[in-house]
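Line by line, the protein sequences are chains V and B. Numbering-wise (our numbering), the first sequence opens with residue 11 and increments by one. Numbering-wise (our numbering), the second sequence opens with residue 11 and increments by one. Idealized CB from N, CA, C, for every residue including glycine. Read the structure below first, then the notes.
Number of protein chains: 2
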Amino acid sequence: MTPPNPRQGSDRTPAPRSRKPTMADVAAELGVSRALVSLVFRDQPGASPETRERVFEAAARLGYKPDMAARLLARGRSKVLGVLFTARNPHHVDLVEAIYPTAEELGYDLVLSAAVPSRDEHKAIEALVGHRSEALLLCGPTISEEDIADLGARLPVVVLGRHLKSTSVDIVTSYDRPGAREVVDHLVGLGHRDIAHVDGGSRPGAPERRRAYRDAMRSHGLADRIRIIPGNHTEEGGQDAARGMLASDDGLPTAVFASNDQCAIGLLDVFTRAGVKIPEQVSIVGYDDSHIAGLSHIDLTTVRQDVPRLARLAVGAADEQLRGVREPGAVLKLESKLVVRGTSGPPTQR
Amino acid sequence: MTPPNPRQGSDRTPAPRSRKPTMADVAAELGVSRALVSLVFRDQPGASPETRERVFEAAARLGYKPDMAARLLARGRSKVLGVLFTARNPHHVDLVEAIYPTAEELGYDLVLSAAVPSRDEHKAIEALVGHRSEALLLCGPTISEEDIADLGARLPVVVLGRHLKSTSVDIVTSYDRPGAREVVDHLVGLGHRDIAHVDGGSRPGAPERRRAYRDAMRSHGLADRIRIIPGNHTEEGGQDAARGMLASDDGLPTAVFASNDQCAIGLLDVFTRAGVKIPEQVSIVGYDDSHIAGLSHIDLTTVRQDVPRLARLAVGAADEQLRGVREPGAVLKLESKLVVRGTSGPPTQR
DNA sequence: GCGCGCTACTAGAGCGCGCTAGTCAAGCTA
DNA sequence: TAGCTTGACTAGCGCGCTCTAGTAGCGCGC
C-alpha cells in the first residue's frame, strides 16, 4: 500500500504515505473535467444527480478530501473565522464552544489560536491572519487599543468582552454596570458594608467593573468603604490579592468582589488555606459564571453572561461586516445577571 | 503608520478594507522580483543584508504579511501540525499549552480544532486535515480504534493519552499502572481498605487505570473490596457516580479513586453538597493533575503526568514520522507520579 | 583572452483549487 | 428552417506563494 520510501532528500516531501489524491485524480478516474468535480463538491447546480453520485463514489474510493488551503487561495472568500482565546481562561473556552455551532450555521469554518504564556497574542493573531481568516473574533484581547484598531483597519474584527473607543471594530460584550451593581446590591442586602474589589487592572472588562463597583458603593452611601485591591484575571492574581489582604493592617473585608471567576478562585484558594471560612468570614463573588464556577465544590456566586447569545452576536457581527451590510463599529451589549451560590452569605458579627 | 485605506469597490470581495498586500506588491515597491522577497521572508541565503533590510522595511510599510494558505499550497511541506483537543478538558488545555513552544522550536505552525458537544471529533479532524495539517496530534481521542488506524494510514498521527493496538500511529502516554498503583498504595498506607474506583468507561486511559486499580487491590489482598463504579471523564460522570454511591445500599467507601480529575471534581462536588466531609469521611484521588486540581480550593490528590515532556515527545514523534526517519508505531511512555494534596487522608473509625 | 567560482538576483513553472466564459447537444417556439 | 433557451459539462486563468534552473556581474588566476 505505502509506496517505497526511498529516504529521499529528507526535506522535500514529508514521508509520502500515498500522495494525497486531488480533484484531478477524481476527475481522471471518471473521465470528466476537474471543474465538474469541483461543482459537485461545492454543491453547485450544473451536474446531473447521477454524475454527482458517481463523483462522490469515486472520491470516497480514492480517499479524496478537498484541500482547504487551495480552496482558500482560489476563492476570494475563505469563509474562515479566526478565533483568538486564552487557553487558561474557562470563560473563553465557554465562548469558543458556543461560537462553533453559530459559525457552522452561517457556513464559516473556524481556526483557533490560543494565547498561552509562551506565545503572546500578537503571534497568535498573526497566525490567524496568515491562515487566511476573513475576520477575527478576539476573546478578551489584552493587546493595546491601538493595535486592535490597526487590525480593524485591515480586516473585520469583533472584540468580545472588552470595551474600546475604536470604531474600526465591532464590540460584543455584556453591560458590566448592572452586573456589578447587582453584586454590590446583593452583598449590601446581606448586610455587608466592607466590600472590597479585586480588580483586573486594565484587562478586558476590568475598568468598567471597577467603575461600576465604585458607583454602586457610592450610591449605597459606602463611598468611604471603597477599597480596590489591584489584581488581574488569573488565579495567581487572586492569590496574590488574598495574601495581600491577609497581611494588611486594614484587616479583611467581609466581602470581596473579584473582577472575574479565576481571580475569585484564587482568592478562595488562599483564604481557604488560611482557615478563613467562606462565606462566614468573607463572602466572595466572581464574574463570568464560567463553567467551573458552577462546580459544586467551588460553588461561586458570580455574574452570568449570556454566552450563547454573545457568541451568536459576535459571529453575526463578523458576518455582517464581511457581507459589507454595514460599517464596523457596532457595539452590542447584553444583560448579565447575578447568580447566587454558596460563596456569599450574611456577614457574621465581629 | 497605517497604510492609506482606499475603501474601494465594496462589492466584489467581502468588505475590502485595503486589499491585502501580496509579495508582488512588496517586490514592485522595491523594483525587485517576487522571488527575492520570498527568499528574504524564508530566511534563505541569496540576498544581501541591505536588500533584506529594504525588503523588511517595505513589507512593514505596506503591511504585508505572508499568506499561509498560499505558502502551504506552494511548498510541499506545510509545516503545520493539527491538534485535536477537548475544549472542556483542562488536561487537554494543559497539553495544548505545552505543545506550542515545542512545535515552534521545530518550526511547526499549529492549527487547533476543538471537539465540543456540538461538533464531534470526526468533524474536528476533517477540519484539521482540510487545513493541510501534515500530521495530527490527537489528545485523548474517543473515536474508534479503527478510525484512528485509518487516519494513521493517511498521514502521520500521534495519539496522546490513549493506548491502542494499532501500529499505524505513534502513541505517547504515561504508564498508567505505576500511577494507579501508587494511588492504591497511598490509600492503603493511610489505612483505607474500602477503596472504590470510578472508571472512565472506554475513554482514553480508562481501561488501563481500571486494570491497574484491580491489580493493585489484589496485590494488597483486597480483591474482595474491589468496587468499580461506572463513570466517565467529565464532571457529570463524577456527579452521577457520587449520587449513585450515596443512594447505594453498600454505603460509601472510605476512598474513591477517580479515572481523571474532572470526574474527581464531580465526586467532590456532590459529596460536599451532601455534607460528606472530604477527606475525613471519604478520600478522593483524581488523575492527570490538570491545572485546576492544584487550585487550593480543590486541592485534589492526583496523579501527575509530565505534560511538558509528553508534549515534547509527541511533537518530536510527529516530526520524526514526517521526516521519515522511522515507520509509525512508536510507543512512548513516561513515568507519572502521585501528588498528595488535601483530598486524601486517613479514614475515620466508623 | 579564457574559464572558474561566487554572490545577488530573476524567470517561470507549478501547488490544488474556484470561477468566468465559454461549448455542445437537445428541446422549444413559430 | 433559423433562433432561442436550458442543462450538462469543459478550458484555462489566476489565487499568492515556493522552488528549480537559470543569468548577470564580479574578481581571480593563468
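Between the CA atoms of residue 194 (chain B) and residue 206 (chain B) - distance to the nearest angstrom | Walking along the second sequence from the start, residue 206 (chain B) turns up at place 196. Walking along the second sequence from the start, residue 194 (chain B) turns up at place 184. Between residue 206 (chain B) and residue 194 (chain B), the C-alpha separation is close to 10 Å.
How would you label residue 264 (chain V), buried or exposed, when you count the other beta carbons within 10 angstroms and need 16 or more for buried?
-> What you label residue 264 (chain V) is simply residue 254 of the first sequence in a count that begins at 1. Buried is the call here.
Secondary structure of residue 181 (chain V), DSSP reduced to three states | Working through the first sequence from its first residue, we reach residue 181 (chain V) at position 171. Note: residue 181 (chain V) maps to strand in three-state DSSP.
Under 9 Å Cβ-Cβ, which residues of chain V neighbour residue 244 (chain B)?
-> For the purposes of this step, residue 244 (chain B) is identified with residue 234 of the second sequence, where counting begins at 1. Chain V residues near residue 244 (chain B): none, gap ~11 Å exceeds 9 Å.
Label residue 147 (chain B) either buried or exposed according to how many other C-beta atoms from any shown protein chain fall within 10 Å of its C-beta, with 16 as the threshold for buried.
-> On the second sequence, residue 147 (chain B) is found 137 positions in, with the first residue counted as 1. Flag for residue 147 (chain B) reads buried.
Pair within 7 Å by beta-carbon distance, residue 82 (chain B) and residue 142 (chain B) | Numbered from its first residue, the second sequence carries residue 82 (chain B) at position 72. Numbered from its first residue, the second sequence carries residue 142 (chain B) at position 132. Taking C-beta atoms as the reference points, residue 82 (chain B) and residue 142 (chain B) count as a pair closer than 7 Å.
Just checking my contact of residue 208 (chain V) with residue 239 (chain V) at CB under 8 Å: how many whole Å lie between their CB atoms?
-> Start at 1 with the first residue of the first sequence, and residue 208 (chain V) comes out as number 198. Start at 1 with the first residue of the first sequence, and residue 239 (chain V) comes out as number 229. Taking C-beta atoms under 8 Å as the contact rule, residue 208 (chain V) and residue 239 (chain V) qualify, at a distance of about 5 Å.
For chain V, is any of its Cβ atoms less than 7 Å away from the one on residue 110 (chain B)?
-> Position 100 of the second sequence holds residue 110 (chain B). Any Cβ of chain V closer than 7 Å to the Cβ of residue 110 (chain B) would place that residue at the interface, and such an atom is present.
Please state if the CB of residue 309 (chain B) and the CB of residue 349 (chain B) are separated by a distance shorter than 7 Å.
-> The sequence position of residue 349 (chain B) within the second sequence is 339, counting from 1. The sequence position of residue 309 (chain B) within the second sequence is 299, counting from 1. With respect to residue 309 (chain B), residue 349 (chain B) sits apart: the two C-beta atoms are not nearer than 7 Å.
Determine, using beta carbons only, whether residue 113 (chain V) and residue 123 (chain V) come nearer to each other than 7 Å.
-> Locating residue 113 (chain V) in the first sequence gives position 103, counting from the first residue. Locating residue 123 (chain V) in the first sequence gives position 113, counting from the first residue. It is not a contact, given that the beta carbons lie outside the stated cut-off.
In chain order, what residues of the same chain lie with their CB nearer than 7 Å to the CB of residue 247 (chain B), ignoring the 5 residues before and after it?
-> Stepping through the second sequence from its first residue, residue 247 (chain B) is reached at position 237. Around residue 247 (chain B): 241, 273 and 276.
Does the beta carbon of residue 116 (chain B) come closer than 7 Å to any beta carbon on chain V?
-> As a working mapping, residue 116 (chain B) is identified with position 106 in the second sequence. No, residue 116 (chain B) lies away from the interface with chain V (no Cβ there is under 7 Å from its Cβ).
Looking at C-alpha atoms only, which residue of V:77, V:311, V:256 and V:128 is the closest neighbour of residue 352 (chain V)?
-> On the first sequence, residue 352 (chain V) is found 342 positions in, with the first residue counted as 1. Check the Cα spacing between residue 352 (chain V) and each of V:77, V:311, V:256 and V:128: the tightest is with V:311.
Contacting residues, own chain, Cβ-Cβ under 8 Å from residue 51 (chain V) (five flanking each side not counted) | Counting from one through the first sequence, the residue named residue 51 (chain V) turns up at place 41. Same-chain partners within the cutoff: 33, 65, 69 and 76.
Do residue 154 (chain V) and residue 216 (chain V) have their C-beta atoms within less than 7 Å of each other?
-> As a first step, residue 154 (chain V) must be located in the first sequence, where it is residue number 144. As a first step, residue 216 (chain V) must be located in the first sequence, where it is residue number 206. Against a cut-off of 7 Å, the Cβ pair of residue 216 (chain V) and residue 154 (chain V) comes out as no contact.
Tell me, please, which residues DSSP counts as bridged to residue 273 (chain V).
-> The sequence position of residue 273 (chain V) within the first sequence is 263, counting from 1. BP columns for residue 273 (chain V) are empty, so no partner.
Alpha carbon to alpha carbon, how far is residue 98 (chain B) from residue 103 (chain V)?
-> To locate residue 98 (chain B), count along the second sequence from 1; it is residue 88. To locate residue 103 (chain V), count along the first sequence from 1; it is residue 93. Straight through space, the alpha carbons of residue 103 (chain V) and residue 98 (chain B) are spaced by roughly 7 Å.
Extent of the continuous beta strand (DSSP E) to which residue 312 (chain B) belongs = Mapped onto the second sequence, residue 312 (chain B) falls at position 302. From DSSP, the beta strand (DSSP E) with residue 312 (chain B) extends over 312-315.
DSSP three-state call for residue 129 (chain B): helix, strand or coil?
-> Indexing the second sequence from 1 puts residue 129 (chain B) at position 119. Residue 129 (chain B) carries a strand assignment under DSSP once its states are collapsed to helix, strand and coil.
Where residue 54 (chain V) falls, given that 16 or more other Cβ within 10 Å makes a residue buried = Within the first sequence, residue 54 (chain V) is the residue found at index 44, counting from 1. Around the C-beta of residue 54 (chain V), fewer than 16 other C-beta atoms lie within 10 Å, and the residue is accordingly described as exposed.
In chain order, each beta strand (DSSP E) run of at least 3 residues that lies wholly inside the segment 240-310 of chain V | List check, beta strand (DSSP E) in window: 265-268 and 293-295.
Under a CB-based cut-off of 7 Å, is residue 102 (chain V) close to chain B?
-> Numbered from 1 along the first sequence, position 92 holds the residue referred to as residue 102 (chain V). Chain B, which has no Cβ nearer than 7 Å to the Cβ of residue 102 (chain V), makes this no.
Does the segment 323-342 of chain V come within contact of the segment 285-304 of chain B, defined as at least 3 CB pairs closer than 8 Å?
-> They do not touch, by the three-pair rule.
Are the segment 319-328 of chain V and the segment 338-346 of chain V touching, with three or more C-beta to C-beta distances below 8 Å?
-> Yes: the two stretches touch, three or more of their Cβ pairs being nearer than 8 Å.
Using a Cβ cut-off of 8 Å, which residues of the segment 129-150 of chain V contact any Cβ in chain B, in chain order?
-> From the segment 129-150 of chain V, only 129, 136, 137, 139, 140, 141, 142 and 144 have a Cβ closer than 8 Å to chain B.
Starting from residue 361 (chain B), trace the alpha helix (DSSP H) both ways and give me its first and last residue.
-> No answer is possible for residue 361 (chain B): the residues shown for chain B start at 11 and end at 360.
How far does the alpha helix (DSSP H) with residue 48 (chain V) in it reach, from first residue to last?
-> Along the first sequence, one-based indexing puts residue 48 (chain V) at 38. Where residue 48 (chain V) is concerned, the enclosing alpha helix (DSSP H) stretches over 44-51.
Where residue 69 (chain B) sits in the DSSP three-state scheme | Position 59 of the second sequence, counted from the first residue, corresponds to residue 69 (chain B). If DSSP states are grouped into helix, strand and coil, residue 69 (chain B) belongs with the helices.
Given residue 126 (chain B) as reference, the closest of V:127, V:130, V:120 and V:125 once Cα atoms are compared = As a working mapping, residue 126 (chain B) is identified with position 116 in the second sequence. With distances taken between CA atoms, residue 126 (chain B) lies nearest to V:120 out of V:127, V:130, V:120 and V:125.
Using beta-carbon positions only, say whether residue 315 (chain V) and residue 176 (chain V) come within less than 7 Å of one another.
-> What you label residue 315 (chain V) is simply residue 305 of the first sequence in a count that begins at 1. What you label residue 176 (chain V) is simply residue 166 of the first sequence in a count that begins at 1. No, the pair does not count as a contact, with Cβ atoms beyond the cut-off.
Checking contacts by CB at 7 Å: is residue 158 (chain V) closer than that to chain B?
-> Translated into positions along the first sequence, residue 158 (chain V) becomes position 148. By the rule that beta-carbons nearer than 7 Å mark a contact, residue 158 (chain V) does not touch chain B.
Pick from V:116, V:164 and V:115: whose alpha carbon is nearest that of residue 136 (chain V)?
-> Numbered from 1 along the first sequence, position 126 holds the residue referred to as residue 136 (chain V). It is V:164 whose Cα lies nearest to the Cα of residue 136 (chain V).
Under 8 Å by Cβ, that's how I've got residue 355 (chain B) and residue 290 (chain B) pegged, so tell me the actual separation to the nearest angstrom.
-> Walking along the second sequence from the start, residue 355 (chain B) turns up at place 345. Walking along the second sequence from the start, residue 290 (chain B) turns up at place 280. Correct: roughly 7 Å between the Cβ atoms.
Hey, how far is the Cα of residue 149 (chain B) from the Cα of residue 140 (chain B)?
-> Here residue 149 (chain B) refers to the residue found at position 139 of the second sequence. Here residue 140 (chain B) refers to the residue found at position 130 of the second sequence. Just so you know, the alpha carbons of residue 149 (chain B) and residue 140 (chain B) end up roughly 19 Å apart.
Smallest Cα separation from residue 100 (chain B): which of B:257, B:243, B:261 and B:211?
-> On the second sequence, position 90 is the one that residue 100 (chain B) refers to. Of the listed residues, the one whose Cα sits closest to residue 100 (chain B) is B:243.
Closer than 7 Å at the beta carbon, the chain V residues around residue 278 (chain B) = In the second sequence, counting from the first residue as 1, residue 278 (chain B) sits at position 268. Going along chain V in sequence order, the residues near residue 278 (chain B) (Cβ under 7 Å) are 307.
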